[in-house]
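If you count by the working numbering, then the sequence shown holds residues 1 to 136, one letter each, in order.
These notes are about the structure you will find just below.
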Amino acid sequence: MAQIDRFLRHGPAIPAHHALGLGYSLVRETWDLAADPKATKPLTEVVASARSASDAADLGRSAAASFARHGFHKPSGAWWAADERLFHRFAVRPHHGARNILLVGLGLAGLAGLSLLRRRRGASLTSGPKLASEAD
Numbered sequence: 001m002a003q004i005d006r007f008l009r010h011g012p013a014i015p016a017h018h019a020l021g022l023g024y025s026l027v028r029e030t031w032d033l034a035a036d037p038k039a040t041k042p043l044t045e046v047v048a049s050a051r052s053a054s055d056a057a058d059l060g061r062s063a064a065a066s067f068a069r070h071g072f073h074k075p076s077g078a079w080w081a082a083d084e085r086l087f088h089r090f091a092v093r094p095h096h097g098a099r100n101i102l103l104v105g106l107g108l109a110g111l112a113g114l115s116l117l118r119r120r121r122g123a124s125l126t127s128g129p130k131l132a133s134e135a136d
C-alpha cells in the first residue's frame, strides 16, 4: 500500500466554499506505477462534466470499483485504482470551463482595445497640425 500512497499525497480537490450544482467534473489521472508522481505529470482525462458533486463522486467510485485493486483515499477525497502497471486516481474537480473561456475572451478584447488605442494615438500624432518650423 505504501507504493500506491505516494500518488495520493495532496489536499482535497474540492474547496469548501464552491457553490453546489452542476459545476463539477470527474477527472481520471493516470501514472505508471514505476514513475515518481512528483516528477511525472499524470495523463489527465475528463470522464464526465457538468455533474453534481455527489453524481461525479458516484461515477468515480464505480469507475474505481471496475479494477481488482481499488479504494478511497480519505485525505485527498479521491477514489483510486491500480492494475499491473498503471495507477489511476478518480477525483471530483470544480468545472471552470465557461469561466476560463470568458477570461480568455475578455483578455483578447482588452488587447484589441489597447491595439486600437495605440493606432489612434499614433495616427493623431502624425496627422495633426504642422508646427511653424515644419511648414517651411
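We put the CB at the ideal spot given by N, CA and C, even for glycine.
Here the structure is a predicted model, which means the values were calculated and not measured.
Rounded to whole angstroms, what's the CA-CA distance from residue i to residue j? Just pull it up for me.
{"i": "Glu29", "j": "Arg119", "result": "47 Å"}
{"i": "Leu114", "j": "Ser76", "result": "43 Å"}
{"i": "Ala78", "j": "Val92", "result": "7 Å"}
{"i": "Leu108", "j": "Arg121", "result": "20 Å"}
{"i": "Leu26", "j": "His95", "result": "9 Å"}
{"i": "Ala53", "j": "Ala112", "result": "38 Å"}
{"i": "Ser49", "j": "Leu22", "result": "8 Å"}
{"i": "Leu117", "j": "Thr44", "result": "41 Å"}
According to DSSP, is residue i part of a helix, a strand, or is it coil?
{"i": "Ser76", "result": "coil"}
{"i": "Arg120", "result": "helix"}
{"i": "Ala35", "result": "coil"}
{"i": "Ala68", "result": "coil"}
{"i": "Leu22", "result": "coil"}
In terms of residues, what are the limits of the alpha helix (DSSP H) holding residue i?
{"i": "Leu59", "result": "Ala53 to Ala65"}
Using 8 Å for Cβ pairs, my map puts residue i next to residue j. What's the rounded Cβ distance?
{"i": "Ala71", "j": "Phe90", "result": "The residue asked about is misnamed: residue 71 is Gly in this sequence, not Ala. Their Cβ separation, rounded to whole angstroms, is 11 Å, which puts Gly71 and Phe90 out of contact at 8 Å."}
{"i": "Phe87", "j": "Trp31", "result": "5 Å"}
At which residues does the beta strand (DSSP E) containing residue i begin and terminate?
{"i": "Asn88", "result": "The identity of residue 88 in the sequence shown is His, whereas the question assumes Asn. Leu86 to Pro94 is the span of the beta strand (DSSP E), which, as asked, contains His88."}
When you compare the CB of residue i with every CB in chain B, is at least one pair closer than 8 Å?
{"i": "Gly60", "result": "The question asks about chain B, but that chain is absent: this structure has only one protein chain."}
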